[in-house]
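Each remark here refers to the structure printed beneath this line.
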Amino acid sequence: AIARLDKFRNADGTRKTSEIRLAMQKTMQTHAAVFRTGDTMSAGIEKLKDVQASLSDVQVSDRSLVWNTDLIETMELDNLLMQAAATIHGALNREESRGGHAREDFPDRDDAKWHKHSLMWVDKKADVTIDYRPVHMYTLTDEVEMVPPRKRVY
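Following this line, the structure appears as structure tokens:
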């Protein structure tokens, strides 16, 4: 943790944190919006790799350790890039539509295959490992009834 802080605090690259963050935001808005396809997300993964790589050229101009918003924003961006990688890989992997996840190439909900939780691990290179765990169809108390899943209709 200290090495990560020092790496960013002493970063003397050419790109501002705000510039890299904007590139990440545009990539996610274009390639991982609510309505998406496998092709757009695959392209987004490649663009996100470029954005992630550009973080190695970040410039943090404030070297202080007190109220250093430049450092905080850069460390938050590093975290956001990991979350973006998990989000877009998870969305590409889930070949169905449900809730706020609408795959135009997989428009139907598929409980037989996808009634499970997706778990993501993102390593330091932003490579994503995906696994699953079951959905528990019970409550932790008898005072509350279980609500079965159903298709959202608006």
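For the sequence shown, my numbering assigns the number -17 to the initial residue and increments by one for each residue that follows. In this text, a Cβ means the ideal position worked out from N, Cα and C, and glycines have one as well.
If we require 4 or more residues per run, which alpha helix (DSSP H) segments fall completely within the stretch 55 to 126? Runs of the alpha helix (DSSP H) inside the stretch 55 to 126: 93 to 96.
* What's the C-alpha gap between Leu30 and Thr(-4)? -> Straight-line spacing of the CA atoms in Leu30 and Thr(-4) works out to 19 Å.
Of the residues His118, Phe88, Asp109 and Lys106, which one's Cα is nearest the Cα of Lys98?
Just measuring C-alpha positions, the residue of His118, Phe88, Asp109 and Lys106 sitting nearest Lys98 is His118.
For Lys(-2), which three-state DSSP category applies?
The answer is strand: DSSP assigns Lys(-2) an E or B state.
*Between which two residues does the alpha helix (DSSP H) containing Lys133 stretch?*
Boundaries cannot be given for Lys133, as no alpha helix (DSSP H) includes it and DSSP labels it neither H nor E.
- Query: Which two residues bound the contiguous alpha helix (DSSP H) that contains Arg(-14)?
  - Reply: Annotation for Arg(-14): the continuous alpha helix (DSSP H) segment containing it runs Ile(-16) to Arg(-9).
- Item | Length of the line joining the Cα atoms of Asp52 and Gly26 | Rounded to whole angstroms, Asp52 to Gly26 spans 27 Å at the Cα level.
* **Val40, DSSP secondary structure in three states** => For Val40, the three-state secondary structure derived from DSSP is strand.
* Just confirm the distance between the C-beta atoms of Gln34 and Leu63, as a whole number of angstroms; I'd bet it's less than 8 Å. => Sure, about 5 Å apart at Cβ, within 8 Å.
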